[in-house]
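One rule links them: number in my numbering = place in the sequence shown (from 1) + 35. This report concerns only the one structure given below.
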Amino acid sequence: MLPDVVLILDEDQARGGELAQLLRFAGLSAIHGDDHASEDWRAVLAIDPSAAVHADALTSLAGRKVPLIAVEFGKPLRTTVSLSAWVARLSWPLTHPGLLAALRQADASHPAQVPPDFRPLVGQSLPMQRIRRMVQQVAPSEATVLILGESGTGKEVIARNVHQLSNRRDKPFIPLNCGAIPAELLESELFGHEKGAFTGAFSSRPGRFELAEGGTLFLDEIGDMPMPMQVKLLRVLQERTYERVGGRESRKADVRVIAATHRNLEERIALGDFREDLYYRLNVFPIETAPLRALAEDLPLLVAEMVVRLEREGRGTLALAPSAMSVLCKHAWPGNVRELANLIERLSILYPDQPVEAHDLPARYLDGVDRAALQFVSEPVSTPAGQANQDLPDDGIDLKAHLEGLEVRLISQALDRADGVVAQAARLLQIRRTTLVEKMRKYQLAREDVAE
36 MLPDVVLILD
46 EDQARGGELA
56 QLLRFAGLSA
66 IHGDDHASED
76 WRAVLAIDPS
86 AAVHADALTS
96 LAGRKVPLIA
106 VEFGKPLRTT
116 VSLSAWVARL
126 SWPLTHPGLL
136 AALRQADASH
146 PAQVPPDFRP
156 LVGQSLPMQR
166 IRRMVQQVAP
176 SEATVLILGE
186 SGTGKEVIAR
196 NVHQLSNRRD
206 KPFIPLNCGA
216 IPAELLESEL
226 FGHEKGAFTG
236 AFSSRPGRFE
246 LAEGGTLFLD
256 EIGDMPMPMQ
266 VKLLRVLQER
276 TYERVGGRES
286 RKADVRVIAA
296 THRNLEERIA
306 LGDFREDLYY
316 RLNVFPIETA
326 PLRALAEDLP
336 LLVAEMVVRL
346 EREGRGTLAL
356 APSAMSVLCK
366 HAWPGNVREL
376 ANLIERLSIL
386 YPDQPVEAHD
396 LPARYLDGVD
406 RAALQFVSEP
416 VSTPAGQANQ
426 DLPDDGIDLK
436 AHLEGLEVRL
446 ISQALDRADG
456 VVAQAARLLQ
466 IRRTTLVEKM
476 RKYQLAREDV
486 AE
């Protein structure tokens, strides 16, 4: 996530305007001035930071841990601010790729802003571009969001992205699976209870609405919510107040609600199992997820993201041969992304030290596959040109998916070997640093530990 509001410190009005225009081209907001105390800036661009006029502002901003980016004119950097406060140093005139890379560094310098369980939306297919665009459109608003789609399609990931891109990002994100809580306990789980409210209530306990105060409450499987609770949820959405079970005090609910379900709510309304008025309250901004079978071109990127996550968590690693990737791209995936994640973890346990070939996959993934394709063998990248002795399978291969998967894998390995230092990783890959930064952006490979 790039910094969205950037402060420009520059005495030269014309130059500051030129920089603001460059930032707008990057899709960001910029304020050119010296009122550094009025906002919680996501990043500050200091033009000629050695100038004495910036000293007080920079000292104050550094004390507030605001990421500082120096824009220099060939002179040594001499300021009273510690060098560790500068997340990037650029030379004038600026370039768009260089500025973009510096802003990513500014965002990465604040890992606490992005929760450890946050995952960006991965994929470049048209359905994923549509979902990403809708998330970006609705996130800054306070509208209630209803996420629809099959089980295992990443509805909670979408909800977390809406939260993380909203103005509530620094407040809690509280999930609740409405179908996993017994009906008699759901009211207490949502609204909390007072001591003695029912048998076993030995102390007061806050509910999910209270825990999500100021933030986002994600109600998964809303279609499974019992009818009596639907009435009480509707009241909270309408009046923005609620009471704990056994309590009399009305509490305000400053909470954004995002709901999700795999059920067809219109059918459930027709059957009398879901309230029509609640449906319209929730369905302000619907987002429909795409099943994994419709995202075949995104599969290599999803696999790469899952493998990187496994490695970061110390749960193993995995390498898929092109033959295996080709088979997986043709699978129907009834369990969607959840099924893919389970398969990747299983394969990482079974084959930790060797590439997984098509014939290593479980039998259910090979049903209907041309067995000639199983003869396609992936050799490790060993020649100077990165070419391996490979034969094209009889039924062909998804070349784009294969090459993207290979590129993601090699970029991840280079970053790991370079301890996250982009410039060193670019040298290992024999490409320009700016080119690597753009590829990292394309494949959603930005990391908290990436350095200049």
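Even glycine gets a Cβ: it sits at the ideal position worked out from N, Cα and C. Note that this is a predicted model, so its numbers are computed, not measured.
Burial state of Trp76 (16 or more Cβ within 10 Å): Counting the other CB atoms within 10 Å of its CB gives Trp76 a total of 16 or more, which places it among the buried residues.
Would you kindly work out how many angstroms separate the C-alpha atoms of Arg270 and Arg286, rounded to a whole number? The straight-line gap from Cα to Cα measures roughly 13 Å.
Hey, quick one: how far does the beta strand (DSSP E) through Thr251 stretch, first residue to last? For Thr251, the enclosing beta strand (DSSP E) has its first and last residue at 251 to 255.
If you scan the region 216 to 261 from start to end, which runs of the alpha helix (DSSP H) of 4 or more residues do you find wholly inside it? List check, alpha helix (DSSP H) in window: 218 to 226, 243 to 246.
Tell me whether the region 180 to 191 and the region 289 to 300 touch, counting them as touching only if at least three CB pairs, one residue from each stretch, are closer than 8 Å. Taking 8 Å as the limit for Cβ pairs, the verdict is that the region 289 to 300 does touch the region 180 to 191.
Could you pull the DSSP bridge partners for Ile182 from this structure? Its beta-bridge partners are Ala295, Ile322.
How many angstroms separate the CA atom of Arg468 from the CA atom of Ile257? One Cα belongs to Arg468, the other to Ile257, and the distance between them is close to 46 Å.
Would you kindly report the start and end of the unbroken alpha helix (DSSP H) that includes Val472? For Val472, the enclosing alpha helix (DSSP H) has its first and last residue at 468 to 477.
Please classify Phe108: is it buried, with 16 or more other beta-carbons within 10 angstroms of its beta-carbon, or exposed? With fewer than 16 other CB atoms across the displayed protein chains lying within 10 angstroms of its CB, Phe108 is exposed.
If we count the other Cβ atoms within 10 Å of its Cβ and call it buried at 16 or more, is Pro335 buried or exposed? Residue burial annotation: Pro335 is buried, with at least 16 other C-beta atoms found within 10 angstroms of its C-beta.
Neighbourhood of Leu181 by C-beta, 6 Å cutoff - its chain only, sequence neighbours within 5 removed: A distance below 6 Å between beta-carbons, with the five flanking residues on each side excluded, links Leu181 to the following residues of its chain, in chain order: Ala294, Leu317, Asn318, Pro321.
Considering just the uninterrupted stretch of the beta strand (DSSP E) at Asn212, what are its terminal residues? Its beta strand (DSSP E) spans residues 208 to 212.
Sequence-distant residues of the same chain with beta carbon closer than 8 Å to Arg303, five excluded per side: The answer, listed in chain order, is Gly258, Phe309.
Find out if the Cβ-Cβ distance for the pair Val79, Leu103 is shorter than 8 Å. Taking 8 Å as the cut-off, the Cβ atoms of Val79 and Leu103 count as close.
At least three beta-carbon pairs within less than 8 Å, the region 455 to 472 to the region 131 to 138: The region 455 to 472 is in contact with the region 131 to 138.
Continuous beta strand (DSSP E) stretch holding Ile104: start and end: Here the beta strand (DSSP E) through Ile104 covers 103 to 107.
Terminal residues of the continuous beta strand (DSSP E) containing Arg124? Start and end: 121 to 126.
Given a threshold of 16 other Cβ atoms within 10 Å of its Cβ, counted over all protein chains shown, does Met260 qualify as buried or as exposed? The residue is buried, with at least 16 neighbouring Cβ atoms inside 10 Å.
Can you tell me which of the three DSSP states Arg350 falls into? Assignment of Arg350 by DSSP, reduced to helix, strand and coil, places it in the coil class.
Can you tell me where the alpha helix (DSSP H) holding Ile82 begins and where it ends? Premise fails: Ile82 lies in the beta strand (DSSP E), 78 to 82, not in any alpha helix (DSSP H).
Would you call Gly349 buried or exposed, if buried means 16 or more other Cβ atoms sit within 10 Å of its Cβ? Flag for Gly349 reads exposed.
Bounding residues of the alpha helix (DSSP H) (the contiguous stretch that carries Asp91): Element bounds for Asp91: 90 to 98.
Looking only at its own chain, which residues have a Cβ that is under 6 Å from the Cβ of Asp451, when we skip the five neighbours before and after it? Residues of the same chain with a CB within less than 6 Å of the CB of Asp451, apart from the 5 flanking positions on each side, do not exist.
Would you mind reading off the limits of the alpha helix (DSSP H) that contains Asp333? From DSSP, Asp333 is part of no alpha helix (DSSP H); its letter is neither H nor E.
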